[in-house]
Amino acid sequence: MQRLSQFWHAGSSHTYRTLLIAGAILLTVFALVTQAFAWSGPLPVPGSQSTEVFNPRVAVDDAGFVHVTWMFTPGGNTGDVYYVRGELDAAGTAITWQGVQVIHRSSAREFAAGARVAVGSDGIVHVVFIDGSSNVVYYRNEQRGEPGQWISEAVFSGNSFATSVDLDLDATNIPFIAWSDGVGDGRSNAAFAYRAGPNGWVPAFVGPNTYLARNVSIAVAGTGPAAGVHIVYEYQDSQNTTWKAGYARGNRDGGDFTIVPISGQFGFTRTAWFPDIAYDRSTGILYMTQIFQVGDRFWQGYGIAFSSSPDGGITWAPPARLIATENPHAGDPHIIAAEGIVHFSMELKGLRSNNYVRALQQAHYMTFNAATGAYSTPVKVSQDGEKASIVDIGIGARAKVITWAVEDIRGVKYNVDPGGIQPPVPPTPTPIPATPTPTPPPNPQGRLSILDPTNLNDRMTRSQQVKAQFGIVNAIEGRAYGYDLSNDGSNFSPRDNLPSNNTVDWTMAPAAGVACEARTIRGRLYDGETGLSSEILEASIMYDPGVDVAVTVENPFLQRNLTQIQASGALLQDFGGAGAMAGDPSFTRSPFYFGSVTRNPGECNSIQDVRFGQITPATSINGVPSGLIPIDQFNPQDGDYTVTIEVTDSIGNRRTFNGFTMTLDRTAPQITGVYTSAMQIVNASNSPISTVSTPLVDIRFTDLEITDTGYGEKNSNKPFFGVWLANSTQRFDLTDESQLAAVNNLDWRGVEVANATNNGEGAFTFTVRNWSVFTGLQSMQGGRDQYIYARVIDGAGNASVVTLESQRITLEQGVSPFRQYLPFTVRQ
Amino acid sequence: MKRYPLFIAAGLVVTLLLVVVSGQAFSERSPQVAEQVAPTAIDRSPSEMSTIIIGSPMPDPPPFPTVEFPAVEPLPAAPELDPILANEQEVARYTFDGSDLDDLSGWRFGQIQPDPAGVVAWSVWNGALSSPYNDLSMYPLNDVLAIAPDALAGNGALEGQVALDYNTHAGFLLGYADDQNYVVGMFGSANAPRFPGITLMHVVAGQATVLASEPEFKVDNDWHTLRLAVVGTTITMTLDGSPVATGTLATPLLGTGVGAYAGSDGGALFDNLRLVQQQ
Chain R
244 MQRLSQFWHA
254 GSSHTYRTLL
264 IAGAILLTVF
274 ALVTQAFAWS
284 GPLPVPGSQS
294 TEVFNPRVAV
304 DDAGFVHVTW
314 MFTPGGNTGD
324 VYYVRGELDA
334 AGTAITWQGV
344 QVIHRSSARE
354 FAAGARVAVG
364 SDGIVHVVFI
374 DGSSNVVYYR
384 NEQRGEPGQW
394 ISEAVFSGNS
404 FATSVDLDLD
414 ATNIPFIAWS
424 DGVGDGRSNA
434 AFAYRAGPNG
444 WVPAFVGPNT
454 YLARNVSIAV
464 AGTGPAAGVH
474 IVYEYQDSQN
484 TTWKAGYARG
494 NRDGGDFTIV
504 PISGQFGFTR
514 TAWFPDIAYD
524 RSTGILYMTQ
534 IFQVGDRFWQ
544 GYGIAFSSSP
554 DGGITWAPPA
564 RLIATENPHA
574 GDPHIIAAEG
584 IVHFSMELKG
594 LRSNNYVRAL
604 QQAHYMTFNA
614 ATGAYSTPVK
624 VSQDGEKASI
634 VDIGIGARAK
644 VITWAVEDIR
654 GVKYNVDPGG
664 IQPPVPPTPT
674 PIPATPTPTP
684 PPNPQGRLSI
694 LDPTNLNDRM
704 TRSQQVKAQF
714 GIVNAIEGRA
724 YGYDLSNDGS
734 NFSPRDNLPS
744 NNTVDWTMAP
754 AAGVACEART
764 IRGRLYDGET
774 GLSSEILEAS
784 IMYDPGVDVA
794 VTVENPFLQR
804 NLTQIQASGA
814 LLQDFGGAGA
824 MAGDPSFTRS
834 PFYFGSVTRN
844 PGECNSIQDV
854 RFGQITPATS
864 INGVPSGLIP
874 IDQFNPQDGD
884 YTVTIEVTDS
894 IGNRRTFNGF
904 TMTLDRTAPQ
914 ITGVYTSAMQ
924 IVNASNSPIS
934 TVSTPLVDIR
944 FTDLEITDTG
954 YGEKNSNKPF
964 FGVWLANSTQ
974 RFDLTDESQL
984 AAVNNLDWRG
994 VEVANATNNG
1004 EGAFTFTVRN
1014 WSVFTGLQSM
1024 QGGRDQYIYA
1034 RVIDGAGNAS
1044 VVTLESQRIT
1054 LEQGVSPFRQ
1064 YLPFTVRQ
Chain V
33 MKRYPLFIAA
43 GLVVTLLLVV
53 VSGQAFSERS
63 PQVAEQVAPT
73 AIDRSPSEMS
83 TIIIGSPMPD
93 PPPFPTVEFP
103 AVEPLPAAPE
113 LDPILANEQE
123 VARYTFDGSD
133 LDDLSGWRFG
143 QIQPDPAGVV
153 AWSVWNGALS
163 SPYNDLSMYP
173 LNDVLAIAPD
183 ALAGNGALEG
193 QVALDYNTHA
203 GFLLGYADDQ
213 NYVVGMFGSA
223 NAPRFPGITL
233 MHVVAGQATV
243 LASEPEFKVD
253 NDWHTLRLAV
263 VGTTITMTLD
273 GSPVATGTLA
283 TPLLGTGVGA
293 YAGSDGGALF
303 DNLRLVQQQ
């Protein structure tokens, strides 16, 4: 779209010789002008400071007037159109602004679109916008924007859901308006109309009959019925799909338009948006920009794709990729092309973490010189610390002006540079080529993607065999290309011919294990005719070769497992057991066990399915199916059960874990023989004591005859796991069954006995050291008598029926609980 | 009496000047409106799309000048949550360990205004749930929602770590029934264009009722522990352990969904989310 005057395109009385001299001088100047900027701002546009202002646009004429429009949405419910005119000083460095004018008030729909402003060489100011009822409304002011001189005309009112609008003038100042009608049902189109006279607008739909279209831009090349109408737009094939950029080309009067899915043909498979198009009348070259997404993730960058067409849009050059960096990202470029120079205004956005920093979203300006192929360095024109968006540019004879919206105060700011469009060089018979013929032939340029062979995504694969897909951005039609690839960046495969689909099978280096590995594959393209190679191209993919998890199959009554079972919401009933929360991890006294699967750090995908035997856990821990698992058998009897675990991750890797055995043991150990004095509280010499002066005591068990089925049968040298101990200030008669409940209600603690001596006849002697006489007691004080009771437990936590009793001990007055902990046992 | 003509003349001059100045300063005069005729359009769209022949490539930047941009320290990892309250039980936990790239299976996404272009998905970035830029939307300011796989029936809370990258707003949802019915408790940066400070809002059929608001409440760009709790009809919002907003629902919550709410242009991170139910 153009936002400059065509003053110099009107008939000229100068001689060609004069113009040639001036042109030669100016061509020299151009190379300097693009780098020698003198931006004098930024400054606010007076009268625009409101929280409801958006979408400012600018046009500059050769008489030195600056025309700025914006939309105003009081309460977010309407789309009023405001206009303000400024006047440049003679040097083109400062603007004197006049009063703000309200061109139009809208009251119907929530979001109107536009407005756009242009000014012709005749000084007529044109403004177009979508009103609140989806109508395309045009205003003109034939007095250079003077108040009270606005005249409206209806352009088109048959839209269902107009979403955007744009405006350009042909060389005779006839306005052309393009808009998009985003119906959302496969009938969404770009459309255009030109003004054949007062209220004589001629509208036409041009395509692409898609799901949705928006963000339209128009450029007009030539004049009269055969004038070329060039429209770019964003479109969506269907709901929830990415936006693409489309291009439509046709003549002003008659004939179908040619519709081109331009972003796809440029090789952009990800989001492409904010297309803009401009026509340089001095060279006959069309220019197009669009934003393209660099990688799958948005923070990998948004660059500007910049292309040109020297033949009226029939062919377009493979685009240059500008500012395709991870930081900053480019956004919403607008271009003006005149006298061999393309002027860019654009947003550059700085990132922190994965998000844009508003204070680092700034308006920038840069140029492209078609004669030299040189780009200028982008220059920041906006204010540090303020988010700038909707950056627009207008150029007249005296100056170029850039405007933008400042989000935090929601006003309009501008900057001005005195380097305006200079008088034209005479038209030359042949257009200045935008793309100098490369000599010698160019090296192939392209990109490389590594794809999963099944779903062709370039992020993740579980296959060592992948697809390597090349893209050649400067492919010469009919030319054969070759390639080579490398897993390590130094050892490349023998060069081979690249098939027509540019995709080859490739075997990555084997995985070291089952953990995920980020793989980078490198490759080169070769021109089959010249043998020239591209630079080394790189592509990365995450390789997940297996299921990297840790699996647990354990006694559910262990404290560490009980905690997780309870957290999962499952209820573990202790059928017949005494509740000892200690034992052997591979035993259970319930027909359940604790099964869990934990992702190791090397697992980069989620766990999709877990099966313990045939059973999928009903609960989950940390998002992975785990918890209390029933033994996979109806009414299981005591004995051994083999557990096989199968884990499947979300990418389809499956891994089977074998070798887990759980023993169901519901039989309590038995204490036989004489045991009435088998338990004694002893001193360091293993002699019984009657008084204690510290809270920690040693408990000696002597010649305790123990038998056990289940756990005991597997541990004949020590057929018990440990003892269950409880302190009491009350002595119980263990022969009195009426006192059994009170004994059971003592606070019992399991203590593993690691080593015990066996006299060879099933009698065991061991000492539990440093047992605190206060463990489990509410009252902790000296000066009283106490007793210790004990039961024997097996690996499953079953406790013996027989309860042992220590002798009475008297705690001296000064005994106090300085510390409590469970004791170790030592070999006797 | 002889002075009256002078006063009248001076008054006329002043009046004339005022009219001219006011017209220059702010003109709202009605434009000349020509007859509004809506022309009909002809269809010049082709039956199918065309391909183009790609010509010689554009000159690539040789080399393109580097754009110097200031670097900003990345956000550190989110801290862990405090232990669960004694009278509550954990229903679900979402930790976004960062290794799953886009793995948000079970989550659903929405936006506050129905949009024909569709719904933009959220993502996991660097160990956190990241709100997207709703660039898919046809509308500006179309805030985005992410609904967790689990629901909360009865009394309980959603709690977790939330960070704002500069001027945006973000918070938690409770009682989510659909994109038009939920309660949201959120906080915004001081310079956020919308919802700065603290906002507690009940949205019914798309219409928002502000239950509590503290626009001057200052929140920086680091991680903050946010908790949005419902007990009966009382909604309580707690930030970094301190109650910041309380409101009473005029009508019951219509759903049981919970999730995250964020401004339409990204910049919000969520991590270590925990859904708890009161026992």
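One line per chain: the protein sequences are R and V, in this order.
Per the numbering used here, the first sequence starts with residue 244, numbered consecutively.
Per the numbering used here, the second sequence starts with residue 33, numbered consecutively.
Ideal placement from N, C-alpha and C gives every residue a C-beta, glycine not left out.
A quick note: this is a predicted structure, and the numbers were derived from the prediction, not measured.
Output yes or no for whether 8 Å exceeds the beta carbon distance between Trp-647 of chain R and Ser-625 of chain R. Looking up residue 647 of chain R in the first sequence gives position 404. Looking up residue 625 of chain R in the first sequence gives position 382. Yes. Within cutoff.
Examine chain V for any beta-carbon lying closer than 8 Å to the beta-carbon of Gln-292 of chain R, and answer yes or no. The residue labelled residue 292 of chain R in the question sits at position 49 within the first sequence. Answer no: the Cβ-Cβ gap between Gln-292 of chain R and chain V never drops below 8 Å.
Interface residues of chain V around Asn-432 of chain R at Cβ under 9 Å? Start at 1 with the first residue of the first sequence, and residue 432 of chain R comes out as number 189. Correct list: Asp-75 and Ser-77.
Residue environment, Gly-1038 of chain R, which counts as buried when at least 16 other CB atoms sit within 10 Å: The sequence position of residue 1038 of chain R within the first sequence is 795, counting from 1. Under this definition Gly-1038 of chain R is a buried residue.
Which class does Lys-250 of chain V belong to by DSSP, given the choice of helix, strand or coil? Within the second sequence, numbered from 1, the residue matching residue 250 of chain V stands at position 218. Note: Lys-250 of chain V maps to coil in three-state DSSP.
Option in R:Thr-526, R:Ile-534, R:Thr-512 and R:Ser-525 with minimal Cα separation from Asp-519 of chain R: For the purposes of this step, residue 519 of chain R is taken as the residue at position 276 of the first sequence. If we check each option's Cα against that of Asp-519 of chain R, R:Ile-534 comes out closest.
Per DSSP, the bridge partner or partners of Glu-781 of chain R: Stepping through the first sequence from its first residue, residue 781 of chain R is reached at position 538. Its beta-bridge partners are R:Arg-765.
Which chain R residues sit within Cβ distance under 7 Å of Asp-197 of chain V? On the second sequence, position 165 is the one that residue 197 of chain V refers to. Arg-595, Ser-596, Asn-598 and Val-600, listed in chain order.
According to the neighbour-count rule (16 or more other Cβ atoms, all chains shown, within 10 Å of its Cβ), is Thr-1091 of chain R buried or exposed? An answer regarding residue 1091 of chain R cannot be provided, because it is not within the stretch 244 to 1071 covered by chain R.
Under 9 Å Cβ-Cβ, which residues of chain R neighbour Gly-289 of chain V? The sequence position of residue 289 of chain V within the second sequence is 257, counting from 1. What Gly-289 of chain V touches in chain R: nothing, since even the nearest Cβ is about 18 Å away.
Can you list the residues of chain R that Val-194 of chain V reaches, using a CB-CB cut of under 7 Å? Taking the first residue of the second sequence as position 1, residue 194 of chain V is located at position 162. Ordered by position in chain R, no residue passes the 7 Å Cβ test against Val-194 of chain V, which lies about 13 Å from the chain.
In the structure shown, what three-state DSSP assignment does Thr-620 of chain R receive? Numbered from 1 along the first sequence, position 377 holds the residue referred to as residue 620 of chain R. It is coil, neither helix nor strand.
Assign Glu-1048 of chain R to one of two classes, buried (16 or more other C-beta atoms within 10 Å of its C-beta) or exposed (fewer than that). In the first sequence, counting from the first residue as 1, residue 1048 of chain R sits at position 805. By the 10 Å Cβ count, Glu-1048 of chain R comes out buried.
Helix, strand or coil: how does DSSP classify Gly-725 of chain R here? Taking the first sequence and counting its residues from 1, one reaches residue 725 of chain R at position 482. Here Gly-725 of chain R sits in strand by DSSP.
Rounded separation between Glu-948 of chain R and Met-905 of chain R - CA only: To locate residue 948 of chain R, count along the first sequence from 1; it is residue 705. To locate residue 905 of chain R, count along the first sequence from 1; it is residue 662. If I take the Cα positions, the gap works out to 27 Å.
For the region 147-159 of chain V, which residues have a beta carbon sitting closer than 8 Å to at least one beta carbon of chain R? Correct list: Pro-148, Ala-149, Gly-150, Val-151, Ser-155, Trp-157 and Asn-158.
Are any of the Cβ atoms in chain V nearer than 8 Å to that of Ala-358 of chain R? For the purposes of this step, residue 358 of chain R is identified with residue 115 of the first sequence, where counting begins at 1. Not closer than 8 Å to any Cβ of chain V, the Cβ of Ala-358 of chain R fails to qualify, so no.
Rounded C-beta distance between Ala-222 of chain V and Lys-250 of chain V? I'm assuming under 8 Å. Here residue 222 of chain V is taken as the residue at index 190 of the second sequence, counted from 1. Here residue 250 of chain V is taken as the residue at index 218 of the second sequence, counted from 1. The Cβ separation is near 5 Å, so the contact holds.
Anything in chain V within Cβ reach of Phe-541 of chain R, meaning under 9 Å, just list it in chain order. For the purposes of this step, residue 541 of chain R is identified with residue 298 of the first sequence, where counting begins at 1. Think of a sphere of 9 Å around the beta carbon of Phe-541 of chain R: the chain V residues whose beta carbon falls inside it are Ser-155, Pro-164, Tyr-165, Asp-167 and Gly-298, in chain order.
Determine the contact status of Phe-500 of chain R and Ala-73 of chain V, defining contact as a CB-CB distance below 8 Å. Mapped onto the first sequence, residue 500 of chain R falls at position 257. Mapped onto the second sequence, residue 73 of chain V falls at position 41. Contact: no.
With H, G and I counted as helix, E and B as strand and the rest as coil, what does DSSP make of Glu-948 of chain R? Mapped onto the first sequence, residue 948 of chain R falls at position 705. Strand, per DSSP.
Going by beta carbon distance, what residues of the same chain come within less than 6 Å of Gly-287 of chain V, once the five residues before and after it are set aside? Sequence index remark: in the second sequence, residue 287 of chain V carries index 255 (1-based). If we look at Gly-287 of chain V and ignore the five residues flanking it on each side, its Cβ neighbours are Gly-207, Tyr-208 and Ala-209.
Range covered by the alpha helix (DSSP H) that runs through Leu-805 of chain R: To locate residue 805 of chain R, count along the first sequence from 1; it is residue 562. Unbroken alpha helix (DSSP H) run through Leu-805 of chain R: 802-810.
Using a cut-off of 7 Å between C-beta atoms, extract the partners of Glu-122 of chain V located in chain R. Here the question's residue 122 of chain V lines up with position 90 in the second sequence. Within chain R, the residues near Glu-122 of chain V are Ala-810.
Could you check where the alpha helix (DSSP H) with Asn-987 of chain R kicks off and where it finishes? Position 744 of the first sequence holds residue 987 of chain R. Run containing Asn-987 of chain R: 983-987, per the alpha helix (DSSP H) assignment.
Got a sec: is the Cβ-Cβ distance from Met-269 of chain V to anything in chain R below 8 Å? As a position in the second sequence, residue 269 of chain V is number 237, starting the count at 1. Contacts with chain R at 8 Å (Cβ-Cβ) do not include Met-269 of chain V.
If distances are taken between C-alpha atoms only, which option among R:Ile-874, R:Arg-328 and R:Gly-465 comes closest to Trp-340 of chain R? In the first sequence, counting from the first residue as 1, residue 340 of chain R sits at position 97. Answer by Cα proximity: R:Arg-328.
Thinking C-alpha only, which one of R:Val-1011, R:Asp-374, R:Ile-874 and R:Pro-468 is nearest Ile-417 of chain R? Stepping through the first sequence from its first residue, residue 417 of chain R is reached at position 174. Closest by alpha carbon: R:Pro-468.
Counting C-beta neighbours from all protein chains within 10 Å, is the total for Ala-793 of chain R 16 or more, i.e. buried, or is it exposed? The residue labelled residue 793 of chain R in the question sits at position 550 within the first sequence. Within a 10 Å sphere around the beta-carbon of Ala-793 of chain R sit fewer than 16 other beta-carbons, which makes this residue exposed.
Shortest alpha-carbon distance to Val-757 of chain R belongs to which of R:Pro-844, R:Asn-458, R:Pro-685 and R:Ile-693? Translated into the one-based positions of the first sequence, residue 757 of chain R becomes position 514. In this structure, R:Pro-844 is the residue among R:Pro-844, R:Asn-458, R:Pro-685 and R:Ile-693 with its C-alpha nearest to the C-alpha of Val-757 of chain R.
Chain R residues whose Cβ lies nearer than 8 Å to that of Ser-137 of chain V: Residue numbering aside, residue 137 of chain V sits at position 105 when the second sequence is read from its first letter. What Ser-137 of chain V touches in chain R: Ser-849 and Ser-893.
Could you say if the region 530-548 of chain R and the region 559-566 of chain R meet the contact criterion of at least three C-beta pairs nearer than 8 Å? yes
Using the beta-carbon of each residue, which ones in chain R are nearer than 8 Å to Met-233 of chain V? Residue 233 of chain V sits at position 201 when you count from the first residue of the second sequence. The premise fails here: Met-233 of chain V is roughly 16 Å from chain R at the closest Cβ pair, so nothing lies under 8 Å.
At least 3 beta-carbon pairs within less than 8 Å: the region 974-993 of chain R vs the region 849-856 of chain R: With the cut-off at 8 Å, the region 974-993 of chain R and the region 849-856 of chain R do not touch.
Any heavy atom of the ligand HEM inside 7 Å of the beta-carbon of Asn-253 of chain V? Looking at this structure, you won't find the ligand HEM or any other ligand, since it has none at all.
Residues that Ile-449 of chain R contacts on chain V, provided the C-beta gap is smaller than 9 Å: Within the first sequence, residue 449 of chain R is the residue found at index 206, counting from 1. At residue 449 of chain R the sequence reads Val, which differs from the Ile that was named. Close partners of Val-449 of chain R in chain V (Cβ separation under 9 Å): Asp-75, Arg-76, Ser-77 and Pro-78.
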